[in-house]
Structures are given as C-alpha cells and as structure tokens.
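**Student:**
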Amino acid sequence: MKEDVVRTPKVVVFCIDGGVADVVRRYGLFDIGTRFPRHAGGRATVLPTIFPSSTAPAHASFLTGVDAGGHGIVGNRFWSGEPVADIRGRCANPVATLHPYEHTSLTAPSLLDWFAAEGASTAAVQFPQTFSRQPFPAQCPALYCLYAPARSVDVTLTEMLYGTFVGGCVLEYYEQPVEVMVTDVAEPDGERVVLVQVQDGDPVRLRYGATGRVRGHVREGAVSFAITPSALDGGRVRLAVGTAVLTMAFGGLTNAELAHLDGPSSLSVEYTANPGHDFHEAPSADWIGRAAVHVAQRYEPDVLFVRFNQADHAQELLYWHAARGARDESTLARAQMLQAYRTIEANVMMIAETIGPDASYVFFSDHGIDWVETHIRPDSVLEDLGWTDRMIFQGDSNCAFLYADTPLSAAELEKLTVAVTSLHPSVRVLDAAGLRSLGLRADGPRIGRLAITSGAHTEFQYSPGPRCEAVRSASHGYLPTDPAMSGFFRMSGLGTEGLPAPRGLTAAADVVRTIWQRRQEPSS
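Residue numbers (the UniProt record's numbering): 1 to 524.
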C-alpha cells in the first residue's frame with residue numbers, strides 16, 4: 001500500500017537557458033542558501049559550452065558528457081538522409097522538425113539512461129532529450145512546449161437572434177485547424193461583450209479590448225493562446241491572437257492533468273525595449289513553475305529536470321538593444337532582461353520551497369548570448385544556381401549543413417564553395433579537420449555533403465529573405481572559445497560539499513552522477 005507521505009526529489013536539475021554568469025553573480029541569483037542555510041556557499045562559476053552553442057546540442061552535451069560529434073545532435077536543426085523534397089515540406093513546421101530535441105536522436109547514452117540503470121526514477125519539464133514520440137527504455141513523465149507566432153484575424157458576424165451576432169474562423173497551428181467561434185451579445189447594462197469558444201471548450205467572456213486565455217487541441221497536444229477582441233465597422237470583430245503554446249505530454253503524463261494549471265501562454269507582449277516584435281512569452285515562467293511542482297508531487301521522481309527558457313527569449317530580443325542601443329534604450333533593455341531572470345528565480349524558489357532542503361540542487365545554463373548585426377541566408381546561393389530542387393541548407397546559428405539528394409561533382413563543389421564564401425567575409429567551408437576541431441563528426445548523414453560556418457555577430461537564417469541583411473538581433477551558437485557563449489554552473493546541498501565545479505559543459509554529467517552516488521553512501 002502506498003504511503004501517505006509524499007516523496008520529494010533527491011536531486012533537482014535546473015537549466016536557466018541562456019543564463020549568463022556575470023548576471024547571476026552580480027545579483028546573487030539562484031542561491032538556494034538564501035532559503036535553506038545548509039545550502040550556503042554554492043558559488044556560481046562560468047561554464048564553457050560546446051559547438052554549436054545552441055539549445056539542442058548543448059543540452060545533449062550536458063546529459064551525455066560528450067560533444068556534438070559524440071551525441072549526434074549537431075544543431076538545432078539537422079537531417080539524416082531524408083529527400084530534399086521531404087525536408088522542404090517539413091522545415092516550416094516545428095512539430096515536424098522536433099527530432100533534434102528527442103532522446104531517441106541521441107547517439108550516446110545520457111543521464112536518463114544512467115539513472116534508470118541505477119534504479120532511480122526521473123521526470124522532466126521543458127528539458128530537451130528527456131522525451132520522445134517513440135518509446136525508449138528510460139522514458140519518464142515529461143512535457144515539452146513549442147510556440148507559434150502571434151497573428152490577427154478579422155471575423156464577420158451575422159445576426160442569428162435579435163441582438164446576438166455570431167461568426168467564426170479557423171486558425172492553423174502545426175498544419176492543423178483550430179476552430180474559433182465568436183458570439184457578440186449584450187450585457188444587461190447594454191454593453192456588448194464577446195464570447196470566444198475554441199473547438200468544444202468552455203466559452204470565455206471578454207469585453208472589447210480585454211484579453212483572455214483560451215485552450216484548444218491539435219493531434220500532438222493542447223494549444224494555449226491569448227485573445228483580444230476589438231470592434232470594427234461593418235459587423236466585424238478583429239481577434240488579436242497572441243503567441244500560442246503547444247504542450248506535449250510524454251511518458252504517462254497527460255495534458256488533461258495539466259488543465260488546472262491554467263495555460264502556459266502569456267497574456268501580453270513582453271520585452272518592449274525592442275519595439276519590433278509581437279512575442280508573448282511562451283511558455284511563461286510562472287506556468288513552468290506550477291507544472292514542475294505538479295510533476296514533482298504527482299510522479300514523485302528521484303531526479304527532476306526543469307528548464308526555464310525565458311531568459312534566453314528575453315536576451316535574444318533585447319541583448320542588441322542593451323549592448324548597442326542608446327543609453328535610455330540600453331537601460332530599459334537591461335532592466336527587462338533582469339526582470340526575466342528574477343521571474344525565473346521566484347519560480348525556482350517556489351519549487352525549492354515545495355521540495356525542501358533535503359534535495360541537492362544543480363543549476364546550469366547551456367550557453368550565453370551575444371549581439372548579431374548580420375543575417376546570412378545560404379539558401380540564396382542555391383536559388384542563384386538553380387539547385388533548390390535537390391539541395392537545401394539547414395543547421396544552426398553559425399553552422400550550416402548542405403543536404404543534397406545526390407553527391408556533388410567536383411565542379412559543383414567548387415562552384416558552391418566560391419558562391420557561399422562570397423556571401424560574407426566570415427563564411428568558410430569546413431573540411432574534415434575543421435569539423436573535428438569543432439567537436440563534430442567529419443562524416444555521416446547529419447553533417448550533410450558540405451558544412452559552413454560564419455563569424456561572430458552573424459547568424460545563418462533558413463527562411464526566405466535577402467542574401468545578407470543588417471539586423472538588430474542577438475543569438476548564440478558561436479565558438480565556445482568566445483566567452484560570450486559561456487553559461488554558468490551552481491550547486492548546493494547534500495553530496496555537493498567540496499565537489500569541484502565542472503570545467504566545461506561536457507563535464508557536468510559526471511558532477512551530477514557524483515552527487516547522486518555520494519547521496520547513496522551510508523553516511524548520507
């Protein structure tokens with residue numbers, strides 16, 4: 001018979017995606033010792049990352065202890081020999097390009113496999129490579145979120161009953177329809193209000209200009225988004241639809257059990273120091289915090305992995321303005337980035353207070369951030385050459401791979417090399433030695449038939465647009481020798497006493513294993 005006492009995790013691993021050591025140190029962030037005195041002394045250290053220094057490859061290195069050549073996650077986007085037509089058909093759909101974030105794409109064993117062999121249970125919230133759409137032996141309860149852009153749609157209303165007007169529209173998310181019904185009715189005081197109903201869900205009553213959160217469903221999971229109605233002439237309503245969040249559940253966890261947490265989508269545009277976007281934080285840090293507490297209490301894992309990606313989003317949108325903008329612009333951008341960190345910290349502390357002081361806590365970030373002023377589109381070269389029917393570039397911020405249906409001839413390779421290196425002075429083609437020097441494999445389908453890199457303050461783009469474009473942006477993915485790409489590491493609690501911090505991201509898995517092993521010793 002199950003005991004009434006709730007088992008709490010013994011080890012909690014937090015990823016503060018994109019977190020920078022200087023910020024963490026300066027403001028004393030993520031210090032569990034401020035809540036639990038026995039955890040005092042856990043120092044934040046710089047954590048050098050790997051190449052490419054982006055979310056999917058870096059999390060894989062944290063979990064496996066090897067670089068991208070060893071674990072196979074060579075970028076946030078890669079392919080494994082699929083036809084170019086198939087790649088083109090899938091590359092605009094985040095669900096169809098999810099595989100770099102799945103456990104089953106790893107080519108090296110991970111901490112999940114190790115903990116399973118140790119007889120320890122795990123669970124994960126928004127943590128890459130802890131889930132998969134295909135079963136795997138170490139599968140655990142896990143959730144993962146994707147987001148879709150904000151948009152607006154005009155709905156024409158038709159009078160159905162006296163004083164009641166009805167209309168509808170279909171929003172497409174992940175190539176699937178989500179039906180929205182809109183009903184305009186009069187309140188007893190005569191004010192018009194809108195009832196918004198998504199699919200067969202409960203209607204949400206909104207005054208014009210007010211914002212509410214609604215929830216729908218697609219094949220892969222639940223979709224949450226903010227919606228704001230405004231009245232137009234001619235019996236029409238404009239629906240401003242915020243950034244949508246798709247929540248996918250794995251390993252026995254279900255979206256139904258998360259419904260009481262309210263949706264993960266934010267209700268307003270964040271990061272206003274950058275006026276050129278309409279991004280609503282997705283998922284919100286508060287929702288991640290609530291979801292982590294739910295997973296910890298419902299599944300009682302021995303080890304809990306939780307990732308907050310809001311600081312990374314804030315930095316990608318604001319860091320150029322903080323680093324390169326005018327004084328007032330920079331001040332506001334820095335304040336908004338810091339607020340993102342503080343919101344994450346508040347949720348981290350809420351989780352810690354729920355779990356308690358007996359757990360060991362590990363914090364890390366997978367990479368840092370730097371400003372970007374040039375976007376480079378390597379696919380523009382293929383368009384110029386007329387090769388887009390059989391070739392495509394995909395990859396990461398500073399590393400792109402050419403996928404082609406057939407091998408390139410020597411003449412084609414020479415022509416392509418000249419063309420891509422003319423895109424920008426920093427672009428260069430990687431030979432086998434160059435690939436190995438960056439920790440990548442020198443061959444294999446994921447590397448493609450040609451690999452190229454770009455320099456600091458540039459970023460490859462894979463959507464349509466100019467060959468080279470001046471931008472005010474920020475990113476990560478550049479060389480780990482650049483200090484701006486480094487993350488941070490911090491640990492405290494039982495098993496961490498006197499334990500050296502990892503010298504790099506690939507050493508972090510050994511530290512986590514050591515903490516667990518120390519906790520199993522009789523004196524512990």
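Cβ atoms here follow ideal geometry from the backbone N, Cα and C, with glycine treated the same way.
This structure is a prediction, so every number in the text was calculated from the model and none was measured.
1. Among residues of its own chain, excluding the 5 on either side of Arg-513, which ones have a beta-carbon nearer than 7 Å to its beta-carbon?
2. Could you check what DSSP says for Glu-3 in three-state terms: helix, strand or coil?
3. Measuring straight from C-alpha to C-alpha, what distance separates Thr-496 and Thr-122?
4. Determine whether the beta carbon atoms of Ser-284 and Ile-376 lie at a separation below 8 Å.
5. In whole angstroms, give me the CA-to-CA distance for Thr-481 and Asn-398.
6. Is it true that the CB of Ala-400 sits closer than 8 Å to the CB of Pro-378?
7. Helix, strand or coil for Ser-524? Go by DSSP, reduced to three states.
8. Using three-state DSSP, classify His-476 as helix, strand or coil.
9. Check the DSSP bridge columns for Leu-232 and list the partner residues they point to.
10. State the Cα-Cα distance for the pair Met-160 and Thr-183, rounded to the nearest angstrom.
11. Please specify which runs of the alpha helix (DSSP H), each continuous and at least 4 residues long, are wholly inside the segment 64–144, giving them in chain order.
12. Which value, in whole angstroms, describes the spacing of the CA atoms of Ser-524 and Tyr-361?
13. Nearest to His-39 by alpha carbon, out of Gln-517, Pro-500, Gly-493 and Ala-507?
14. Whole beta strand (DSSP E) runs in the segment 368–445 with 3 or more residues, listed along the chain?
15. In three-state terms, what does DSSP make of residue 528?
16. Nearest-angstrom Cα distance between Leu-416 and Gln-129?
17. Bridge partners for Gln-176 per DSSP, in chain order?
18. Are Leu-157 and Ser-486 closer than 8 Å when you measure CB to CB?
19. State the CB to CB distance for the pair Ala-404 and Val-84, rounded to an integer number of angstroms; the pair is presumed to be in contact (CB under 8 Å).
20. Please identify the residue among Pro-357, Glu-316 and Thr-354 whose C-alpha is closest to the C-alpha of Met-337.
21. Could you check whether Val-306 and Phe-127 sit closer than 8 Å to each other, using their CB atoms as the reference points?
22. Can you grab the Cα-Cα spacing for the pair Gly-368 / Thr-164, in whole Å?
23. Looking only at its chain, what residues have a beta carbon closer than 8 Å to the beta carbon of Lys-2, apart from the 5 residues adjacent to it on each side?
24. Is it buried or exposed for Gly-75, if we count other Cβ within 10 angstroms and need 16 for buried?
25. Tell me the rounded alpha-carbon separation between Gln-520 and Pro-500.
26. Between Ala-231 and Val-237, how many whole angstroms is the CB-CB distance? I'm expecting something under 8 Å.
27. Do the segment 314–332 and the segment 145–157 make contact, defined as three or more Cβ pairs closer than 8 Å?
28. Report yes if the C-beta distance between Ala-291 and Val-95 is below 8 Å; otherwise report no.
29. Leaving out the 5 sequence neighbours to the left and right, which residues in its chain are closer than 6 Å to Phe-225 when beta-carbon positions are compared?
30. Would you decide whether Tyr-162 is buried or exposed? Buried here means 16 or more other CB atoms lie within 10 Å of its CB.
31. Thr-458 and Val-66 - do their beta-carbons sit closer together than 8 Å?
32. Give a yes or no on whether the C-beta atoms belonging to Glu-220 and Tyr-271 are separated by under 8 Å.
33. What is the C-beta distance between Pro-109 and Ala-56, in whole angstroms, given that I count them as a contact (C-beta under 8 Å)?
34. Quick one: using the 10 Å Cβ neighbour count with 16 as the cut-off for buried, is Ser-380 buried or exposed?
35. Please report how far the alpha carbon of Ala-282 lies from the alpha carbon of Glu-414, in whole angstroms.
36. By DSSP, does residue 525 sit in helix, in strand, or in coil?
**Tutor:** On the basis of the coordinates in this document:
1. Residue numbering aside, residue 513 sits at position 513 when the sequence shown is read from its first letter. Trp-114.
2. Here residue 3 refers to the residue found at position 3 when the sequence shown is read from its first residue. Confidence is the limiting factor: at Glu-3 the pLDDT is only 47, short of 50, which leaves the residue's position unreliable, though a coordinate-based value still follows. In this structure, Glu-3 counts as coil in the three-state DSSP scheme.
3. Translated into the one-based positions of the sequence shown, residue 496 becomes position 496. Translated into the one-based positions of the sequence shown, residue 122 becomes position 122. Spanning the two alpha carbons is a distance of roughly 20 Å.
4. Residue numbering aside, residue 284 sits at position 284 when the sequence shown is read from its first letter. Residue numbering aside, residue 376 sits at position 376 when the sequence shown is read from its first letter. No, they are not a contact pair.
5. Translated into the one-based positions of the sequence shown, residue 481 becomes position 481. Translated into the one-based positions of the sequence shown, residue 398 becomes position 398. If I take the Cα positions, the gap works out to 14 Å.
6. Against the sequence shown, residue 378 aligns to sequence position 378. Against the sequence shown, residue 400 aligns to sequence position 400. Yes, the Cβ-Cβ distance between Pro-378 and Ala-400 is below 8 Å.
7. Walking along the sequence shown from the start, residue 524 turns up at place 524. Here the model assigns Ser-524 a pLDDT of 49, short of 50, so the residue's position is not dependable, and the following value carries that caveat. Ser-524 carries a coil assignment under DSSP once its states are collapsed to helix, strand and coil.
8. Position 476 of the sequence shown, counting from 1, holds the residue named residue 476. In this structure, His-476 counts as coil in the three-state DSSP scheme.
9. Residue numbering aside, residue 232 sits at position 232 when the sequence shown is read from its first letter. Beta-bridge pairing links Leu-232 to Arg-236.
10. The count along the sequence shown starts at 1 and reaches residue 160 at position 160. The count along the sequence shown starts at 1 and reaches residue 183 at position 183. Cα-Cα distance, rounded: 10 Å.
11. 68–71, 84–90 and 111–117
12. Stepping through the sequence shown from its first residue, residue 524 is reached at position 524. Stepping through the sequence shown from its first residue, residue 361 is reached at position 361. Unreliable positioning characterises Ser-524 in this predicted model, as indicated by a pLDDT of 49, which lies under 50. A coordinate reading is not provided.
13. Locating residue 39 in the sequence shown gives position 39, counting from the first residue. When only C-alpha atoms are compared, the closest one is Gly-493.
14. Qualifying beta strand (DSSP E) stretches, in chain order: 370–376, 391–395, 399–404 and 428–430.
15. What the structure shows of the chain is the stretch from 1 to 524, and residue 528 is not part of that stretch, so it cannot be assessed.
16. Here residue 416 refers to the residue found at position 416 of the sequence shown. Here residue 129 refers to the residue found at position 129 of the sequence shown. So the two alpha carbons sit approximately 34 Å from each other.
17. Translated into positions along the sequence shown, residue 176 becomes position 176. Per DSSP, Tyr-173.
18. Indexing the sequence shown from 1 puts residue 157 at position 157. Indexing the sequence shown from 1 puts residue 486 at position 486. Cβ atoms of Leu-157 and Ser-486: not closer than 8 Å.
19. Within the sequence shown, the letter at position 404 stands for residue 404. Within the sequence shown, the letter at position 84 stands for residue 84. Their Cβ separation, rounded to whole angstroms, is 7 Å, which keeps Ala-404 and Val-84 in contact under 8 Å.
20. Position 337 of the sequence shown holds residue 337. If we check each option's Cα against that of Met-337, Glu-316 comes out closest.
21. Counted from its first residue, the sequence shown places residue 127 at position 127. Counted from its first residue, the sequence shown places residue 306 at position 306. Closer than 8 Å, so yes.
22. Along the sequence shown, one-based indexing puts residue 368 at 368. Along the sequence shown, one-based indexing puts residue 164 at 164. Each residue's alpha carbon lies about 53 Å from the other.
23. Position 2 of the sequence shown holds residue 2. Because Lys-2 sits at a pLDDT of 44, beneath the cut-off of 50, its placement in the model cannot be relied upon, and the point is left open.
24. Stepping through the sequence shown from its first residue, residue 75 is reached at position 75. Buried: at least 16 other Cβ atoms inside 10 Å.
25. Your numbering for residue 520 matches position 520 in the sequence shown. Your numbering for residue 500 matches position 500 in the sequence shown. Cα to Cα, the separation comes out at about 19 Å.
26. The count along the sequence shown starts at 1 and reaches residue 231 at position 231. The count along the sequence shown starts at 1 and reaches residue 237 at position 237. Going by Cβ atoms, the distance from Ala-231 to Val-237 rounds to 6 Å, so yes, they are a contact pair.
27. no
28. Numbered from its first residue, the sequence shown carries residue 291 at position 291. Numbered from its first residue, the sequence shown carries residue 95 at position 95. No, Cβ-Cβ distance for Ala-291 and Val-95 is not below 8 Å.
29. Residue mapping note: residue 225 aligns to position 225 of the sequence shown, counting from 1. Correct list, in chain order: Val-241, Gly-242, Ala-244 and Ser-265.
30. Looking up residue 162 in the sequence shown gives position 162. Label assigned to Tyr-162: exposed.
31. One-based indexing of the sequence shown puts residue 66 at position 66. One-based indexing of the sequence shown puts residue 458 at position 458. Contact flag unset, no.
32. Residue 220 sits at position 220 when you count from the first residue of the sequence shown. Residue 271 sits at position 271 when you count from the first residue of the sequence shown. It is not a contact, given that the beta carbons lie outside the stated cut-off.
33. As a working note, residue 109 is residue 109 in the sequence shown. As a working note, residue 56 is residue 56 in the sequence shown. About 17 Å separates the CB atoms of Pro-109 and Ala-56; that is not less than 8 Å, and the two are not in contact.
34. To locate residue 380, count along the sequence shown from 1; it is residue 380. Buried is the call here.
35. To locate residue 282, count along the sequence shown from 1; it is residue 282. To locate residue 414, count along the sequence shown from 1; it is residue 414. So the alpha carbons of these two residues sit roughly 43 Å apart.
36. In this structure the chain extends from 1 to 524, so residue 525 is not present and cannot be described.
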